[in-house]
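A.B. asks: Residue numbers (the numbering used here): 138 to 546.
In this text, a Cβ means the ideal position worked out from N, Cα and C, and glycines have one as well.
Small disclaimer: the values here were computed from a predicted structure and weren't measured.
This is the structure I want to talk about, given as structure tokens.
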């Protein structure tokens with residue numbers, strides 16, 4: 138009888154040279170876990186397919202390093218913010234610049250797409266948060282309250298709130314309809330680098346340079362629990378799609394947490410250094426990290442990771458099979474987000490500035506957009522990922538397969 142092959146729980150997938158100069162930002166497509174966008178000091182945004190060596194598309198037009206990038210949920214649009222404060226939105230299916238948004242006075246540190254409307258939020262080193270209407274090229278509202286750079290922005294799953302994290306050690310929650318701050322969450326003792334909404338419940342997680350992760354109840358506006366003793370500054374967190382646990386990408390490890398009560402379910406050693414973004418697809422967690430001009434991608438097999446139930450005993454995940462886990466997490470303890478039935482069923486209402494405060498498109502904007510380019514580097518891979526709008530929709534859509542795990546050494 139053949140001996141079963143023991144495969145790795147975590148492994149390095151690939152390493153690429155992503156830019157001619159240093160990489161300054163990157164993001165994974167959360168829907169597919171296969172699309173990677175990188176921003177560089179060379180003022181370009183490059184698109185990649187995970188585990189393939191060649192650049193799919195290179196987006197030009199920025200005149201300063203690209204400090205923040207974000208893909209929308211269907212992975213059809215990308216927004217990039219630069220060191221000079223300019224923001225550009227590209228349509229990836231049409232392979233063209235869609236909008237140029239000007240108004241920030243300093244480096245763009247954070248961006249996010251609204252899940253159901255044509256809005257983009259931007260956070261800057263100038264301490265301001267702006268909400269942009271992509272259709273009208275204008276800033277529709279500005280949120281003031283942070284005293285230092287805004288490092289992360291996230292819209293709630295129902296699209297009604299915006300959470301912000303900043304260097305001033307605070308997390309703030311904004312009501313888009315009322316145009317005002319709902320609550321401020323103090324408690325961190327260092328810059329807050331990341332916030333993430335629970336996919337279902339009124340719960341928010343925040344990670345800080347103070348090496349803690351805090352969980353916030355968005356009904357009672359109070360802390361639920363606090364994870365202390367992270368190996369280093371917390372830069373990337375992600376809830377499992379079903380909301381059963383939170384993943385934290387730490388220095389050379391993946392940690393899996395629960396919050397009521399706070400506990401660590403598992404620790405998986407991964408040699409990814411400072412991981413910059415995470416995505417979950419096909420029971421695999423994809424992590425990406427960058428150093429100088431290189432970008433590395435890693436895979437963790439989540440079927441071999443404890444995500445609920447018992448506390449982890451051994452930080453090195455080499456045993457198989459994993460401990461038995463409940464089939465489904467327990468019933469939610471708080472309210473559930475009510476999502477629209479369709480993306481266009483009812484436009485999102487947001488508080489808007491008076492007409493005098495809006496910036497109208499100018500001839501300078503038009504010239505700027507003419508000078509921006511979307512250069513397709515690999516037509517075959519581009520057509521495979523970004524289906525042209527005039528072609529027949531594929532039924533069922535192509536579904537990516539899990540990455541095969543290599544055998545243990």
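Rounded to a whole number of angstroms, what is the C-alpha to C-alpha distance between residue 405 and residue 414?
C.D. replies: Whole-angstrom Cα-Cα distance: 16 Å.
A.B. asks: Residue 369: buried (16+ other C-beta within 10 angstroms of its C-beta) or exposed?
C.D. replies: Residue 369 is exposed by the Cβ-count criterion.
A.B. asks: In chain order, what residues of the same chain lie with their CB nearer than 6 Å to the CB of residue 319, ignoring the 5 residues before and after it?
C.D. replies: Once the five neighbours on either side are set aside, the close Cβ partners of residue 319 are 310 and 312.
A.B. asks: In whole angstroms, what is the alpha-carbon distance linking residue 425 and residue 238?
C.D. replies: Taking the straight line joining both Cα atoms gives about 28 Å.
A.B. asks: Beta-carbon within less than 8 Å of residue 213's beta-carbon, same chain only, minus the 5 sequence neighbours each way: which residues are those?
C.D. replies: Once the five neighbours on either side are set aside, the close Cβ partners of residue 213 are 228, 229, 230 and 523.
A.B. asks: Quick check: the Cα distance between residue 521 and residue 515, rounded to an integer number of angstroms?
C.D. replies: Those two C-alpha atoms are separated by around 10 Å.
A.B. asks: Can you find the residues in the same chain that come closer than 6 Å, C-beta to C-beta, to residue 191, ignoring five residues on each side of it along the sequence?
C.D. replies: Here the set comprises 515.
A.B. asks: Under a three-way DSSP split, which group does residue 403 fall into?
C.D. replies: Three-state result, residue 403: strand.
A.B. asks: Using only alpha-carbon positions, find the residue among 316, 205, 518 and 371 that is nearest to residue 306.
C.D. replies: Minimum Cα distance to residue 306 is reached at 371.
A.B. asks: Closer than 6 Å by C-beta to residue 596: which residues in its own chain qualify, once you throw out the five before and the five after it? Chain order, please.
C.D. replies: With the chain represented from 138 up to 546, any question about residue 596 goes unanswered, as that position is not in the structure.
A.B. asks: Indicate the three-state DSSP secondary structure (helix, strand or coil) for residue 188 in the structure shown.
C.D. replies: Correct three-state label for residue 188: coil.
A.B. asks: Can you list the beta strand (DSSP E) stretches of 3 or more residues lying completely in the segment 347-425, in chain order?
C.D. replies: Segments of the beta strand (DSSP E) lying fully in the segment 347-425: 350-354, 359-364, 374-376, 383-387, 390-396, 399-406 and 412-418.
A.B. asks: Please report the straight-line C-alpha distance between residue 113 and residue 161, rounded to a whole angstrom.
C.D. replies: Since the first and last residues shown for the chain are 138 and 546, residue 113 lies out of range.
A.B. asks: With distance defined between alpha-carbon atoms, name the residue in 243, 434, 196 and 287 nearest to residue 149.
C.D. replies: Here the closest residue by C-alpha is 434.
A.B. asks: What does a CB cutoff of less than 7 Å around residue 411 pick up in its chain, not counting 5 residues either side in sequence?
C.D. replies: The answer, listed in chain order, is 372, 388 and 426.
A.B. asks: Please classify residue 154 as buried or exposed, where buried requires at least 16 neighbouring CB atoms within 10 angstroms.
C.D. replies: So residue 154 ends up on the exposed side.
A.B. asks: Near residue 450, what residues of its chain come up, given a Cβ to Cβ distance below 8 Å and the 5 sequence neighbours on each side ignored?
C.D. replies: Here the model assigns residue 450 a pLDDT of 44, short of 50, so the residue's position is not dependable, and the following value carries that caveat. The answer is none, since no qualifying residue turns up.
A.B. asks: Can residue 251 and residue 292 be called in contact, C-beta distance under 7 Å?
C.D. replies: Taking 7 Å as the Cβ cut-off, residue 251 and residue 292 qualify as a contacting pair.
A.B. asks: Is the beta carbon of residue 329 closer than 7 Å to that of residue 302?
C.D. replies: Cβ atoms of residue 302 and residue 329: closer than 7 Å.
A.B. asks: Can you give the Cα-Cα distance for residue 351 and residue 296, rounded to whole angstroms?
C.D. replies: If you take the alpha carbons of residue 351 and residue 296, they lie about 22 Å apart.
A.B. asks: For residue 471, which option in 197, 274, 336 and 170 has the closest C-alpha, if you only look at C-alpha atoms?
C.D. replies: The option with the nearest alpha carbon to residue 471 is 336.
A.B. asks: For residue 382, which residues in the same chain have their Cβ closer than 7 Å to its Cβ, ignoring the five residues on either side in sequence?
C.D. replies: Counting only Cβ-Cβ distances below 7 Å, and skipping sequence neighbours, we find 393, 394, 395, 402, 444 and 445.
A.B. asks: Helix, strand or coil for residue 520? Go by DSSP, reduced to three states.
C.D. replies: Helix, per DSSP.
A.B. asks: Return yes when the Cβ of residue 417 is within less than 7 Å of the Cβ of residue 147, no when it is not.
C.D. replies: No, they are not a contact pair.
A.B. asks: Using a Cβ-Cβ cutoff of less than 6 Å, which residues in the same chain neighbour residue 157 once the five nearest sequence positions on both sides are dropped?
C.D. replies: 179, listed in sequence order.
A.B. asks: DSSP three-state call for residue 175: helix, strand or coil?
C.D. replies: In this structure, residue 175 counts as strand in the three-state DSSP scheme.
A.B. asks: What does the Cβ neighbour count give for residue 441, buried or exposed, with the cut at 16 atoms within 10 Å?
C.D. replies: Buried is the call here.
A.B. asks: Reducing DSSP to helix, strand and coil, say where residue 439 ends up.
C.D. replies: Correct three-state label for residue 439: helix.
A.B. asks: Looking at the unbroken beta strand (DSSP E) that takes in residue 228, where does it start and where does it end?
C.D. replies: It spans 224-228 - the beta strand (DSSP E) in which residue 228 sits, taken as one unbroken run.
A.B. asks: Can you give me the start and stop residues for the beta strand (DSSP E) that residue 510 sits inside?
C.D. replies: Here the beta strand (DSSP E) through residue 510 covers 510-513.
A.B. asks: Ordered along the chain, which non-local residues of its own chain (more than five positions away) have a Cβ less than 6 Å from that of residue 236?
C.D. replies: For residue 236, where only same-chain residues beyond five positions count, the Cβ hits under 6 Å are 226, 271 and 274.
A.B. asks: From the DSSP output, which residues share a beta bridge with residue 263?
C.D. replies: Answer is none; residue 263 lacks a bridge partner.
A.B. asks: Can you tell which of 201, 280, 171 and 286 has its C-alpha closest to the C-alpha of residue 182?
C.D. replies: Residue 201 is the option with its Cα nearest to residue 182.
A.B. asks: Thinking C-alpha only, which one of 346, 423, 361 and 199 is nearest residue 375?
C.D. replies: With distances taken between Cα atoms, residue 375 lies closest to 423.
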